[in-house]
Amino acid sequence: MKTITTIHDMQSTVRMEKQTGKSIGFVPTMGYLHEGHMSLLQKAREMNDIVVLSIFVNPLQFGPGEDLETYPRDLIHDEQAAENSGADYLFYPTIHEMYGDEPSVTAVVKKRVNCLCGRNRIGHFDGVATVLTKLFNIIQPDRAYFGLKDAQQVAVVDGLIHDFNFPIELVPVSTVREEDGLAKSSRNVYLLQDERVRARELYQALLKAEEAIDSGERDPEIILRTVSNHIISETGADIDYVEVLAYPELKPVKKLEGKIIIALAVKFQKARLIDNMIVTIKDREHQSAFEQTGKEA
Ligand code: PAF
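For the sequence shown, my numbering assigns the number 179 to the initial residue and increments by one for each residue that follows.
Here it is in structure tokens:
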């Protein structure tokens, strides 16, 4: 694997690879790679001739008081992990390389942001859209890979690719889970011992919702209450939100039909965790939103 730090070198490498007709799979990250990232890289490896990983802690997507300065970084570990997962190139630019002194043009995301995590992270998805617009232009991938754990980001990227006409296939990849169902996250290490045991119930809450839908429940309020009650009685965590929305539009629904997301965010003492389930409802049957999730019912 080759590490590239300048836009110029990345662009000439992409040009060279494209000249020989190679397809490019792109996995954008902020580094500190974990198993979730590995599954994106593996998927990209399976589907493309060339795999490019970027590591860039993007200041534009951090709000005041968020953890930009303390965001975990470990380049040596990341280079090894990326190489082991079959990446061909690591794009690792500095902030100055990406934005110069200050960007003169930035993106504004108008839809799919005033809900879920976006409600309290004003400007976050504008920063994500801005950096991805740059990265997509520099790397010109055929496919880009994003984890469904952050399903709102996937929905925003879907809008970005569509509205800005990027000739890129968005590949959402299903959430990687611990054996007991807890979604893998670098934040899980902040859970106290007893919290870690109870955190498994977050996925159980989503499974209960799925079970209710399987049994014919179509009232979003009842699904919302099912999930919230389970979280309250079984985890002791504070609920930040539980929402049931159309997916990927992220609009409220009066009745469950089509593709929907059941999403939750909770706060334990030191860890804030998110999880979700995407369900496509066809009469009384349902299946996962994206084939890539590999989960059907
Ligand atoms: O999901 C992330 O790590 C970031 O939001 C992304 C997509 C790399 C953009 O900075």
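Here a beta-carbon is modelled for each residue, glycine too, at the ideal position from N, C-alpha and C.
On a predicted model such as this, the values are computed, not experimentally measured, just so you know.
For methionine 455, the enclosing beta strand (DSSP E) covers residues 450-460.
If you draw a 10 Å sphere on the C-beta of leucine 369, you find 16 or more other C-beta atoms in it, and that means buried. Rounded to the nearest whole angstrom, the C-alpha separation of valine 349 and isoleucine 182 is 24 Å.
By the C-beta criterion, the stretch 267-276 is judged to be in contact with the stretch 233-240, since at least 3 inter-stretch pairs fall below 8 Å. Residue state for isoleucine 401 is assigned as helix, using DSSP reduced to three classes. In summary, serine 352 is buried, with 16 or more beta-carbon neighbours lying within 10 Å of its beta-carbon over all protein chains present.
For glutamine 239, same chain residues with a beta-carbon under 6 Å away, outside a window of 5 residues either side, are His302, Gly305 and Val306 in chain order. Glutamate 421 is bridged by DSSP to Ala441. A direct Cα-Cα distance of roughly 11 Å separates glutamate 389 from valine 405. Taking 8 Å as the upper bound for CB-CB distance, proline 398 and valine 444 are not in contact here, some 19 Å apart. Every alpha helix (DSSP H) of 4 residues or more that sits fully in the stretch 311-348 is shown, in chain order, as 329-341. Distance from the CA of phenylalanine 342 to the CA of valine 287, rounded to the nearest whole angstrom, comes to 12 Å. According to DSSP, residue pairing for isoleucine 228 in a beta bridge involves Ile202. Arginine 376 and leucine 338 have their C-alpha atoms some 37 Å from each other. Remark: C-beta atoms of alanine 441 and glutamate 421 approach each other more closely than 9 Å. Going by beta carbons, valine 335 and phenylalanine 324 fall inside the 9 Å limit. Methionine 179 is a Cβ neighbour of glutamate 261, given a cutoff of 9 Å. Distances from the CB of leucine 310 to the heavy atoms of the ligand PAF include at least one below 8 Å. Rounded to whole angstroms, the gap between the alpha carbons of histidine 408 and aspartate 372 is 17 Å. Annotated three-state conformation of isoleucine 185 is helix, per DSSP. Proline 426 sits buried, since 16 or more C-beta atoms from the chains shown fall within 10 Å of its C-beta.
Between alanine 285 and glutamine 447, the alpha-carbon positions lie close to 35 Å from each other.
Proximity to methionine 188 across Lys312, His340 and Lys386 peaks at Lys312, based on C-alpha coordinates. A residue is called buried when at least 16 other Cβ atoms come within 10 angstroms of its Cβ; threonine 198 does not meet this threshold and is exposed.
The Cβ-Cβ distance between tyrosine 210 and serine 364 falls below 9 Å.
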